[in-house]
Every structure is written in C-alpha cells, then in structure tokens.
Amino acid sequence: MDNIRFADEETNSIESVTLQDADLNKFLGISGYTNNLPIFSLANPSINNSSENSAVGTATLNAKTLTQEPTLAGHCGRQNTLPSSTLGNDALRKSACQKSNSQEKLSDFVKQQKWPWFFSSIKSSLGFYPLLLLSIWVLLLAFCGTQQVFPGGNVFSLLLLQVLSTAMGEIIQITRMPPMLGMLFTGIFLANTSFIQITKGFKEIANPIRAISVGILITRGALCVNTKAIHEFRRVVPPLAVIPCVVEAIVVSFAAYWLLRSLLTPAWCALLGCILCSMSGVILMPLLASLDKSCSGAQSRKVIAITRASCGLDAILSICLTNIALGLVYPSKETFSDDLFFGILDVVLGFVFGLFWGSCIGILIDPNVSQNQTVVSLVCGSVLSMIGCAKVKRPRCGAPAVFAGTLVSAFLWSRNTDGDEHKKLLHNSVDKLWWFCQPFLFGILGAKTELETVDWDVIVRGIVCILFGITARVLAALTISRCLRLNWRQQLFIAISWIPKGTVQAAVGPLALDMAQDFLDQRRGVNVLNITIATILIGATVGSVALLVLGKPFLRRC
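Oh and the sequence shown: position 248 is 248 in our numbering, straight run, nothing missing.
Below you can see the structure in the form of structure tokens.
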C-alpha cells in the first residue's frame, strides 16, 4: 500500500490519498491499463524520498492546476511523452515505459501480420459445411432412395458438383479472383472426365435447382438497388445503366451477324447480344466495398455510389432484353410483331405479378416481429416466381417478378423500420443462401460444356464479338461520364467498372439450349452457350484484374 499526496498551491495543505498496489499500477500505466491512461501535468511537483515510501516515492501535485493530456498507449519511448515531473521515481518510470514499449511492439506485430482471411473462413466452415451437407444427404436419402444418392446416382453427382465447386471457388478466391471461375472450371472438368454423367435425369433435377439459384441471385441484386442513390443521382444513373447495355447489345448482335451468319440467324444473333450485354454485380460489389473503405474522399464515394446504383438496373435490363429475344428465337405466333409484342407482354406480366406478391408480404409481414419471416418470405416469393411461372408456361415472367417483388417488399419494410439497417440484415441473410447456391449455378453451367463437341472456330469468332462489345461498352460509359463533367480518372474508373461479366450470362445463357426442340436449334444453343462461357472467363478475369490494379489509384486522386 502506497501514498500519493496532492498539495494545494494557495493553502499549502496536503491531501494524502491511500492507493492499493493495483491502483498505483493503474496510475503508472502498468498491467494492462496503458491503453486508457491519462497523463497528468504538474505545476509544482516535489519528491519525498523518506524511508516510509522509498520503494515508490510520493508525488506532490497541484490540485487546482491538475490537467489531463491524453496520449496513445505505448509511446513511452518517444521524446516528451512522459514528463519527468509526472512520476516520482525514475526507476519505476523506466519500468513502466519498458512495459508499454513491449505492448506496443506486440500490438504492431499483430497488426502487421496479414494472415490470409481464408484460414478463419476454413476454420468456421469445417464445423458448419460438413454438417449441412450430411443433413441434406440424409434427407435426400429418405426421399429419393439409395439409387439416387449413392455414387452413380444423379443426386450424388449434383452434390459432388456442389462440394467440389465450393472448394475450388474458395481456392480461386485466395488469388482475389471471382470464385465463379473456379466453380465453372470444376463443372467443365467433372463433365468431361466422367466423374458425373449428364443424363436426362440429371438435367431434370439440375434445371429447377439452377432456376432457384437464379432467383436467389436476382433477389440479392434487387436488395443492392439503392433507391435513394438513384433518386439523388437521377440524372446520372439511368443513362449509365441503360445506354452502355443497349449499345453493347446492338454492337454484339451486328458483329455476330457479320461473323456467324452461317451458323446463327438474325434472331439468334440478337439473342446473343442481349445475353452478353450485362455486367456482373456479384464481381463488382465486393471490389467497390473494399475501395470504399480505403478511399475517403467525397468524390470517390460519390463515384462508388453512382456505380453501385447503376449495376442493378443494368442487370435486370439485360435479363428483360434476353426474355424478349427468346420470343423471337422460338416464335409462337405467325408474325414477327406478334412475337415481339408477346415477349414484351410476358416481361410486363412478370413485373405485375412481382408487384402483387411483393406488396402482399410487405404489408402483411411485420419486420419488427421477426427478421426470419421477412427472409423466408422473400425466398418463397423468388422460388414461386421462378418455378411457378415455368410450370404455367410463362418462364419469361419469372425473373422480372422476382426483381419487382423483392424491390417492393424491401421498400415497404423500410418504412416501418430503420431502412438501411433492415436492408443490410436482409442482404446478409440472402448472401448466405447465395454462397450455397452459387456453386450450383456455375457448376451446372460448366457441366453443360462438352469439350469434344466444341467448335473452336466459332469460339474464336465469338471472342472477337465479345471484344467488340466490351470496347463499345467502355466507349459508351466514357462518353456518358464526359457529359456528366467528371474528371478523367472518374471516367476511366466507371468505364472499367462496366467490364466484369459472369452472373447474368450464367443465369440466361443456357435458356436457349434448354428450350431447343430440334437438332438445328440445339446446335445453335450449344454455340451460344459456349460463347457465353468464353464471355464469363474473359469478362470476369479482365474486369477483376483491371479494378484491382487501377481502381484504387484512380479513386485515391479523386
């Protein structure tokens, strides 16, 4: 037990305060208290070195002029950090400084260790993922029987595809590349090495699962649409979302007709242009989030907000154009105008149905009662839209219905809660579902590719069409950015942000092949699918590398 005495400068009276060892340690900044230690400056200190307190000493402090000078923990070794008047004993002060310095070095060491994030991810996944797969496998065993869920069965092949695609996606993500690349390669490898058999039964099971994955993807994209940002930048976002998409669709269509007219009819060329004209929000959003954390400038945040608000609209526009083009590829009416009209009508009916079920769950379900109910209702609405519309022979209504329903319900829920916080919770929940469904979407897409039947001449010509389309998109984005009076760095950042491709192409690329009835249409559908896969490989890789290399330098100087 030690004494520290405080002296009043005017009355010369001395107050003695008895401190326990732990309190003295706290005062001196020892034993873990240095992080919150206030350092006192003294007016007239004096040191009492009597034998009673020779171990520690006493400090006389001016009670009226006692002030606090906050300091960072662990700065004892620097000049003027601990004044000599602060402590009453040089040896004890030196010990405290050494203690703080060691804590500072340990803290700096921990902060400097940039351990790969995947170690913690793998650790948490080892407990959750195997248990989830085992539970699903047991349920499927109970419902489907041993013939389907054991090796050689279609359900087993699908689960194997999901497991290996997830693992390869995590490995690819270590390189900061999109995980969809690893999943796509896994599907191609398994389908072409006889690990899984792409039979008719496999397709009957895989196609509904792929449709559900597309529904989760569109739900996730709709939740990313920020209506406040769209309203705030209403002169910027619509042109940036619409014009590059339409320009690329037109350029790719004409390029395909010029290079592939011996294989594809004009309607198929238009379909190819509509499939390839979208960018990938799944690739862009994580990169924008990391750039948003590292760039603190007002102009940088403005450009990122504009880009985020535009990418969701770009994706749904491409999906709607693809659905309309499918009506031209597989005509059900006698004239071209009738097919075009009914294609547009299906898209409109999809939006109307989405407004209906989105309004119902937005009004009837209270988000303040249960967060789980809102997530489950969104997922059920998405599944109902994608599977139900296909069952009633209106598959083109599914995607617009999911987008509209999610957008309306999220807006209605935001009026009764903290809008941004509730939307963030919804987005986090849907992200977990997307993590599970993404391997199905890209793995099944890769499994549809048979390398033995690939016409490499068509692939080369398709790559030329892709390059024409990406160039046209970049030039269109640059032109719009120039009209918006952005500086050249902002213009280039927006332009390269529009390069990544992958998710929409994976969602709508196989539709034409799935709808093919005769051999000629199947051949055309296979060619379109192969060009779509080449687009994903090129767009995802080039777009990600461009944003990783050029994104931060461009935004830091905004």
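Even glycine gets a Cβ: it sits at the ideal position worked out from N, Cα and C.
Which residue comes first and which comes last in the alpha helix (DSSP H) that contains residue i?
{"i": "W456", "result": "W456 to C483"}
{"i": "F185", "result": "P179 to A191"}
{"i": "R301", "result": "A298 to V329"}
{"i": "R489", "result": "W488 to S497"}
{"i": "K501", "result": "Counting along the chain, K501 falls outside any alpha helix (DSSP H), and DSSP gives it neither H nor E."}
{"i": "E450", "result": "From DSSP, E450 is part of no alpha helix (DSSP H); its letter is neither H nor E."}
{"i": "A399", "result": "G398 to S414"}
{"i": "I365", "result": "Element bounds for I365: n/a, residue is neither H nor E."}
{"i": "C380", "result": "Q371 to V383"}
{"i": "I275", "result": "P266 to L276"}
{"i": "V282", "result": "G281 to S294"}
{"i": "V225", "result": "Careful: V225 lies outside any alpha helix (DSSP H) and carries neither H nor E."}
{"i": "Q162", "result": "N154 to I174"}
{"i": "A241", "result": "V237 to L260"}
{"i": "Q590", "result": "An answer regarding residue 590 cannot be provided, because it is not within the stretch 1 to 558 covered by the chain."}
{"i": "A613", "result": "Outside the shown range of the chain, which is 1 to 558, sits residue 613, and nothing can be said about it."}
Using the Cα positions of residue i and residue j, report the straight-line distance between them to the nearest angstrom.
{"i": "D518", "j": "D455", "result": "19 Å"}
{"i": "L140", "j": "F440", "result": "17 Å"}
{"i": "P395", "j": "W434", "result": "21 Å"}
{"i": "F233", "j": "V138", "result": "51 Å"}
{"i": "L190", "j": "S337", "result": "43 Å"}
{"i": "R415", "j": "L240", "result": "28 Å"}
{"i": "A404", "j": "E450", "result": "36 Å"}
{"i": "L547", "j": "I496", "result": "7 Å"}
{"i": "M183", "j": "A142", "result": "28 Å"}
{"i": "Q113", "j": "M168", "result": "The predicted model places Q113 with a pLDDT of 44, which falls under 50 and marks its position as unreliable; any figure quoted below should be read in that light. Taking the straight line joining both Cα atoms gives about 25 Å."}
{"i": "L445", "j": "G187", "result": "7 Å"}
{"i": "P286", "j": "R489", "result": "20 Å"}
{"i": "I344", "j": "L321", "result": "9 Å"}
{"i": "K424", "j": "L407", "result": "14 Å"}
{"i": "L217", "j": "C389", "result": "17 Å"}
{"i": "P367", "j": "A229", "result": "23 Å"}
{"i": "I387", "j": "I275", "result": "21 Å"}
{"i": "N615", "j": "Q505", "result": "Since the first residue of the chain shown is 1 and the last is 558, residue 615 is not available in this structure."}
{"i": "I480", "j": "T166", "result": "38 Å"}
{"i": "F118", "j": "T417", "result": "Any reading at F118 is ruled out, since the residue's pLDDT is 47, under 50, leaving its predicted position unreliable."}
{"i": "A256", "j": "G469", "result": "10 Å"}
{"i": "T227", "j": "G539", "result": "27 Å"}
{"i": "C144", "j": "C483", "result": "59 Å"}
{"i": "T471", "j": "F254", "result": "14 Å"}
{"i": "G201", "j": "S157", "result": "11 Å"}
{"i": "T335", "j": "F356", "result": "32 Å"}
{"i": "D346", "j": "I365", "result": "28 Å"}
Could you check which residue in the options has the C-alpha nearest to that of residue i?
{"i": "R210", "options": "Q162, R235 and F233", "result": "Q162"}
{"i": "M279", "options": "L550, G543, G551 and G182", "result": "G543"}
{"i": "F554", "options": "C483, F493 and P400", "result": "F493"}
{"i": "I250", "options": "R473, M386, A512 and A315", "result": "R473"}
{"i": "F195", "options": "I205, G221, L164 and G169", "result": "L164"}
{"i": "S359", "options": "L412, C380, Q490 and L313", "result": "L412"}
{"i": "S328", "options": "G469, A167 and L264", "result": "Looking at the sequence itself, residue 328 is Leu, so the reference to Ser does not match. Comparing Cα positions, the closest option is L264."}
{"i": "P500", "options": "T535, A289, I136 and A516", "result": "T535"}
{"i": "L272", "options": "L259, S157, G551 and I387", "result": "L259"}
{"i": "C465", "options": "V252, R489 and A390", "result": "V252"}
{"i": "Y330", "options": "D292, P510, T227 and A516", "result": "A516"}
{"i": "L513", "options": "L537, Q147, T417 and K203", "result": "K203"}
{"i": "G502", "options": "C483, G381 and I283", "result": "I283"}
{"i": "I463", "options": "R482, T532, A447 and D420", "result": "T532"}
{"i": "I306", "options": "L317, S318 and D292", "result": "D292"}
{"i": "C277", "options": "T541, K552 and W498", "result": "W498"}
{"i": "V149", "options": "K552, C295 and I205", "result": "I205"}
{"i": "P208", "options": "E248, N192, E452 and V155", "result": "V155"}
How about residue i: is its Cβ closer than 8 Å to a heavy atom in the ligand SAH?
{"i": "A516", "result": "Ligands in the displayed structure: none, and consequently the ligand SAH is not present."}
Can the beta-carbon of residue i be found less than 9 Å from the beta-carbon of residue j?
{"i": "V303", "j": "L378", "result": "no"}
{"i": "C224", "j": "R301", "result": "no"}
{"i": "P244", "j": "A477", "result": "yes"}
{"i": "I324", "j": "L340", "result": "yes"}
{"i": "M180", "j": "F442", "result": "yes"}
{"i": "L313", "j": "V237", "result": "yes"}
{"i": "W268", "j": "R524", "result": "yes"}
{"i": "C437", "j": "S135", "result": "no"}
{"i": "K552", "j": "C311", "result": "no"}
Just confirm the distance between the C-beta atoms of residue i and residue j, as a whole number of angstroms; I'd bet it's less than 8 Å.
{"i": "G354", "j": "V402", "result": "7 Å"}
{"i": "G221", "j": "A315", "result": "5 Å"}
{"i": "I459", "j": "N372", "result": "That belief does not hold up - the Cβ atoms of I459 and N372 are roughly 46 Å apart, past 8 Å."}
{"i": "V375", "j": "G215", "result": "With 8 Å as the limit, V375 and G215 do not qualify as a contact, their Cβ atoms being about 14 Å apart."}
{"i": "P510", "j": "K448", "result": "6 Å"}
{"i": "L133", "j": "L160", "result": "So it is not a contact: roughly 10 Å between Cβ atoms."}
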